[in-house]
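Trainee: Residue numbers (my numbering), protein chains in the order written: chain A, 1 to 258; chain B, 1 to 258.
Dumping the structure here so I can ask a few things about it.
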DNA sequence: TATTATATCTCGGGT
DNA sequence: ACCCGAGGTATAATA
């Protein structure tokens, strides 16, 4: 199994360059650890002076350069059309070019500590639960979560200024527009809902109710909602979660750890 | 120099667990390549079945799990309060826990191909050019970029509904609010500007001009601007860039490569 | 292709 | 600690 991965250290620069270029052609994964500086130009422009970093090239040509700290890479390239390694002035230079937008990443290695390359096989299935569309779907099926007597009649309805998450009719026959957020709703969310309410009123001539649904709200959001005559419902994610799990047979998580 | 990094393969599970826990205590960087499955729960919840991945733990306790493709990690933890490796049922289990928000990442390794650990030293300086604040500052100093006779009198002025990028006075003495975008301005950007214009009018009793400044505009943005009686200026980033470079002595880039 | 909205967004700066 | 807005955001969905 370990033939999967090759490890190199103390190789010559020319050998490193060759190893890298081979890996890219073979669409292997490549991890390069060493001291380097990085220049980037494209949508913006950045310079990073010498330091120890971990560089990863994946089989799709994406590149990321990680410093010893921080979740995010300091420099990167989501996908590239060209990646090339070569030796210039006794240094290993790696260039990754991307089109649309045209961007160039240039890495100069002053030292290479380690190179790992190999083919990884990953056919794993990834499932994400309880994203916004999950919540929307749950409310769609269980409108009582918002209020009794509510009938949902539409999902992701485009009003010409973007799509409102849910449209329904309350027990008095009045239209209800619902905007769903899975995290704390900010003022922006309230404004987004207002935009739909305004547009709907203009399109139909009838004033709808607007309800912002979220697990919590910033004070500014609440102010704005009040000012714009909009409603809100606090949503208990845990409750939704249980509802979802019940539908799935109760086996979708390790939340007992929480 | 290579004593910086240690490489292990074919070690026992217990040894791997020990190596990992040691690294975490010593705040080293750790790269683990192997076949694993991943469970995450916290703000959301996800499951990832078996496959080959690259796991990185950095000195700040951030964790990321990379599949062979894609720029982004499939699972991650920006920072963690606790990371622990242990052997359970003849498998290496790595748990990373984060508080606020409470989130748990659980990785079960069925095979470990390679473990690399070591201390990296990175004192490099990172500089980013031409982000939004750069553009704002350039306009601040060179208001003629927007129009002749404009005087900028404020930057990042908080109006109580967020801060407007720039405030100025035109050659007729009328207030001008400027919102800057470094990428194509969308309808949202127009609405953002409108929000400031409305608020300013309410605060002062005088109707200001509103100008959206961006390298380009979506058609919806232009529609919205027209409807809301707002203005816009197309901004040539390259021109700004040259302006900036001239100020810096002409040496801040490799854009000649573009 | 262009545009929009989401994201386990992350991250920094402000109050 | 909350809140807001930028991001080289990336990414998926949609027209």
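Ideal Cβ placement from N, Cα and C applies to all residues, glycine included.
These figures come from a predicted structure and were not determined experimentally.
Between the C-alpha atoms of residue 254 of chain B and residue 58 of chain A, what's the straight-line distance to the nearest angstrom?
Mentor: Caution applies to residue 254 of chain B, whose pLDDT of 43 falls short of 50 and renders its modelled position unreliable; the value that the coordinates give is listed next. C-alpha separation (whole angstroms): 25 Å.
Trainee: With C-beta atoms as the reference, is residue 38 of chain A less than 8 Å away from residue 10 of chain A?
Mentor: The answer is no: Cβ separation not under 8 Å.
Trainee: What runs of the beta strand (DSSP E), each 3 residues or longer, lie entirely inside the stretch 132-192 of chain B?
Mentor: Runs of the beta strand (DSSP E) inside the stretch 132-192 of chain B: 151-158, 163-169, 175-180.
Trainee: Out of B:233, B:201, B:208, state which residue places its alpha-carbon closest to the alpha-carbon of residue 215 of chain B.
Mentor: Checked all of B:233, B:201, B:208; the closest Cα to residue 215 of chain B is B:233.
Trainee: Which one or two residues does DSSP pair with residue 106 of chain A in a beta bridge?
Mentor: For residue 106 of chain A, which the question treats as bridged, DSSP gives the partners A:39, A:95.
Trainee: Taking CB distances under 8 Å as the criterion, tell me whether residue 345 of chain A reaches chain B.
Mentor: Any property of residue 345 of chain A remains undetermined from this structure, which presents chain A solely from 1 to 258.
Trainee: Could you tell me which chain B residues have their CB closer than 7 Å to the CB of residue 52 of chain A, listed as they occur along the chain?
Mentor: In chain order: 120, 121, 122.
Trainee: When you check each C-beta in the stretch 54-73 of chain B against every C-beta of chain A, which residues fall closer than 9 Å?
Mentor: So the close ones are 54, 56, 58, 59, 60, 62, 63, 64, 66, 67, 68, 69, 70, 71, 72, 73.
Trainee: Answer with yes or no whether the minimum CB distance from residue 115 of chain A to chain B is below 8 Å.
Mentor: With 8 Å as the cut-off, residue 115 of chain A does not count as an interface residue toward chain B.
Trainee: Given a threshold of 16 other Cβ atoms within 10 Å of its Cβ, counted over all protein chains shown, does residue 242 of chain B qualify as buried or as exposed?
Mentor: Residue 242 of chain B should be labelled exposed.
Trainee: By DSSP, does residue 22 of chain B sit in helix, in strand, or in coil?
Mentor: Here residue 22 of chain B sits in helix by DSSP.
Trainee: Is the stretch 26-46 of chain A touching the stretch 112-129 of chain A in the sense that three or more CB pairs, one from each, lie closer than 8 Å?
Mentor: These segments touch.
Trainee: Identify the contact partners of residue 129 of chain B in chain A, using a Cβ-Cβ distance below 7 Å as the criterion.
Mentor: Residues of chain A passing the Cβ test: 44, 45, 46.
Trainee: With DSSP run on the structure shown, which of helix, strand or coil describes residue 235 of chain A?
Mentor: Three-state result, residue 235 of chain A: coil.
Trainee: Who are the near neighbours of residue 258 of chain A in its chain, counting only those whose CB is closer than 6 Å to its CB and skipping five residues on each side?
Mentor: Reliability fails at residue 258 of chain A, whose pLDDT of 40 lies under 50, so the model's placement of it is uncertain and the value that follows must be treated cautiously. There are no such residues.
Trainee: Could you confirm whether any beta carbon from chain B is found closer than 8 Å to the beta carbon of residue 80 of chain A?
Mentor: So, not an interface residue.
Trainee: Where does residue 85 of chain B sit, in a helix, a strand or coil, going by DSSP?
Mentor: Here residue 85 of chain B sits in strand by DSSP.
Trainee: For the candidate residues A:120, A:191, A:224, A:179, whose alpha-carbon lies nearest to that of residue 213 of chain A?
Mentor: That would be A:179, whose Cα lies nearest to the Cα of residue 213 of chain A.
Trainee: Leaving aside the five residues before and after residue 50 of chain B along the sequence, list all residues of the same chain whose C-beta is less than 8 Å from its C-beta, in chain order.
Mentor: Excluding residues within five positions, the ones whose Cβ falls inside 8 Å are 35, 36, 37, 110.
Trainee: Is any beta-carbon of chain A found at less than 8 Å from that of residue 15 of chain B?
Mentor: For residue 15 of chain B, the answer is no, since every Cβ of chain A falls outside 8 Å of its Cβ.
Trainee: For residue 247 of chain B, which three-state DSSP category applies?
Mentor: DSSP places residue 247 of chain B in helix when its eight states are reduced to three.
Trainee: Quick one: list the residues of chain B neighbouring residue 178 of chain A, beta-carbon separation under 9 Å, in chain order.
Mentor: Chain B residues near residue 178 of chain A: none, gap ~20 Å exceeds 9 Å.
Trainee: With residue 329 of chain B as the anchor, note down where its alpha helix (DSSP H) starts and where it stops.
Mentor: What the structure shows of chain B is the stretch from 1 to 258, and residue 329 of chain B is not part of that stretch, so it cannot be assessed.
Trainee: Quick one: is residue 49 of chain A near chain B, going by C-beta distance under 8 Å?
Mentor: It does; some Cβ of chain B falls within 8 Å.
Trainee: I want to check one thing, is the minimum distance from the CB of residue 39 of chain B to the heavy atoms of the ligand NAD below 7 Å?
Mentor: Among the components modelled here there is no ligand, and therefore nothing to report on the ligand NAD.
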